[in-house]
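6 is the number of the first residue of the sequence shown in the numbering used here; add one for each residue after it.
Backbone N, C-alpha and C define an ideal beta-carbon position, used for all residues, glycine too.
Working notes, beginning with the structure itself.
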Amino acid sequence: MDARTLVAILRKRRALRRHERWSRLDLEVHQARAVRELRDFAVARSPFYARLHRGLERRPLHELPVVTKADLMAQFDEVVTDRQVQLKDLRAFVDAHRDEPAIPRFHERYWTSSTSGSTGMRGIFLHDFDEWTTVIASYARANEWAGMKAGLGRTMRLAVVSSRVPTHQSAAVGATLQSRWVPTLRVDATEPMPQIVAKLNAFAPEALVGYASMIRLLADERLAGRLTITPQAVTASSEVISPELREHVRRAFGTELFEVYAATEPAGIASHCERHALHLYEDLVITEVVDEHERPVPPGAFGDHLLVTVLFGRTMPLIRYAMSDSVRLSSETCPCGRPFALLDAIQGRREDLLRLPGRDGADVVVQPNLFHRLMEPLPLHGWQIVQEPSALRVRLVDAERAVDDAALVAAIENALAGVGALAPRIAIERVDAIARTRLGKAPLVIASP
């Protein structure tokens, strides 16, 4: 990290701290102004938005059209506000640098991040210097709330176990954070576990960040005595985090698990404060929780998906951009005093939800948390539920055969019956380890495509 980048991030982090002392009215005034400026900029500089919002200039945000990843990728050259940027050139640039540790800036100006394509389509997103330093400042906010404080007067040894794929945002963020103030060990989550453990033990991080599934495996290693680190803060992201995982981390590391809710497109969306309340970053991203008809869902109920408006985005404006995550808002306020609304729960993406035939003939949506509650108390070294056309395959890392197959099958059948679903054939399979994806994730529930 060079001096210019560091100074910009520190300035933005100070500004974000001031936002945390706002009243709710202050926040709403800021949002109204930021939305107005974003819409004006997008209509003036993006042919896509000029066309999409024509005649809607006086309509409120919630009445504007929804934008999808497919829309953006199909009309990329007209979405972006730099007329020198074209998707064919960007894809060729990314492909040419795919095997390098880090992708250089496109046109010597833009940081590049891409989605994995796990929701059915790969997306590529750009950030200029101002946007990228805001992205980094938002992640620095999450770290600070979790107790990871670093700056000109204090260093912090940070270990990040996630993707080293250079186009993945976590890799780009990790590369940017590397500095003498934040000595950072970046470990590829696809490496064999003994290598990951050896690197972490040698580095002795003060703070540990990783995918939820990787944090679970590292907690196993800590309890087994092979991992000897004692981080002061542990943060997980990218996957559903269950109460059982929180307790597992507490036993293993003697500290509470903090959650960061983020995505490639908007970057940070929410994170835990010191009181472990999950605050939306409403000064940076407006998050609408909606049903399948784009109608707002009140606190206390899960939405079908999200619509996000990224207030600081200019290169590739995102206005009511659809994300398939299902979350639940809370009506509570946090004693910490921050003005931001709270998320009560995150249950994953629509693509993670299993659909099974119900007793009444209609399909039943089965939430991943049903399986988390069943599987995580069991004496296993890993598990995974995979939906197949005519079965549920239950993979167990259980060399000691500590789990009784018949009892587990009965428990799954009873749990599915409890939500009105007809259980398919349940096949138990013991494996040496749960396979990780190209990005190093080990999803616990895989729905049929």
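Note down the Cα distance separating A142 from E68, rounded to an integer number of angstroms. 30 Å
What would DSSP say about D349, mapped onto helix, strand or coil? In this structure, D349 counts as strand in the three-state DSSP scheme.
Under a Cβ-count criterion, where at least 16 other Cβ atoms within 10 Å of its own Cβ denotes burial, should R26 be classed as buried or exposed? R26 sits exposed, since fewer than 16 C-beta atoms from the chains shown fall within 10 Å of its C-beta.
Do the CB positions of V408 and I439 come within less than 8 Å of each other? no
Would you list the residues sitting across from I390 in a DSSP beta bridge? V399 and V450
For T139, which of helix, strand or coil comes out of DSSP? helix
What separation, rounded to the nearest whole angstrom, lies between the Cα atoms of A97 and Q91? 10 Å
Express the C-alpha separation of M328 and T124 in angstroms, rounding to a whole number. For T124, the predicted model reports a pLDDT of 49, less than 50, meaning its position is unreliable; a value from the coordinates is still stated below. Whole-angstrom Cα-Cα distance: 10 Å.
Delimiting residues of the beta strand (DSSP E) encompassing A432: Element bounds for A432: R430 to R435.
Along the chain, where does the alpha helix (DSSP H) containing S175 start, and where does it finish? Q174 to L182
Own chain partners of E405 with C-beta closer than 7 Å, once the 5 adjacent residues on each side are dropped: none
To which residues does DSSP link A267 through a beta bridge? G273
Using the three-state DSSP reduction, which class does H284 fall into: helix, strand or coil? In the structure shown, H284 sits in a strand (DSSP, three-state: E or B).
Short of 7 Å in beta carbon distance, which residues of its chain neighbour F81, apart from the five on each side in sequence? Order them along the chain. L92
Could you tell me the alpha carbon to alpha carbon distance between G363 and A428, rounded to whole angstroms? 9 Å
Per DSSP, which one or two residues make a beta bridge with I220? Beta bridge pairing from DSSP links I220 with no other residue.
Coarse secondary structure for R29, derived from DSSP in three states: If DSSP states are grouped into helix, strand and coil, R29 belongs with the helices.
Only counting runs of 3 or more residues, tell me where the beta strand (DSSP E) segments fall wholly within the segment 90-123, in order along the chain. For the segment 90-123, the continuous beta strand (DSSP E) assignments of 3+ residues that do not extend past its boundaries occur at 116-119, in sequence order.
Inter-residue Cα distance where the pair is T189 and V166: 11 Å
Where P448 falls, given that 16 or more other Cβ within 10 Å makes a residue buried: buried
Would you mind reading off the limits of the alpha helix (DSSP H) that contains A20? That run of the alpha helix (DSSP H) goes A8 to H24.
Would you please state the rounded distance, in angstroms, between the beta carbons of Y216 and A241? I believe it to be under 8 Å. 7 Å
Give a yes or no on whether the C-beta atoms belonging to V34 and F53 are separated by under 8 Å. no
So, do the segment 327-342 and the segment 384-398 have three or more beta carbon pairs nearer to each other than 8 Å? no
Tell me A212's beta-bridge partners as DSSP assigns them. A212 pairs with L163 and A238.
A176 beta carbon less than 8 Å from that of R169: Yes, Cβ-Cβ distance for R169 and A176 is below 8 Å.
So the beta strand (DSSP E) M328 belongs to, where does it begin and stop? Per DSSP, the unbroken beta strand (DSSP E) holding M328 starts and ends at Y326 to M328.
Can you name, in chain order, every residue of its own chain whose Cβ lies under 7 Å from the Cβ of L383, other than the five neighbours on each side? V408
Nearest residue (CA-CA) to G60, options R44, A75 and T73: R44
Can you give me the start and stop residues for the beta strand (DSSP E) that F130 sits inside? I129 to H132
Please identify the residue among L32, D104 and L359 whose C-alpha is closest to the C-alpha of D368. L359
Other residues of its chain near R103: CB distance less than 8 Å, five sequence neighbours each side excluded: P171 and T172
When you compare only the Cα positions, how much space is there between P65 and R41? Separation of P65 and R41 (C-alpha to C-alpha, rounded to the nearest whole angstrom) is 10 Å.
Decide if V450 is buried, meaning its Cβ has at least 16 other Cβ atoms within 10 Å, or exposed. Classification for V450: buried.
Can you find at least 3 beta carbon pairs, one from the segment 296-307 and one from the segment 268-275, that sit closer than 8 Å? no
Would you give the residue range spanned by the beta strand (DSSP E) that V315 belongs to? First-last of the beta strand (DSSP E) with V315: H310 to V315.
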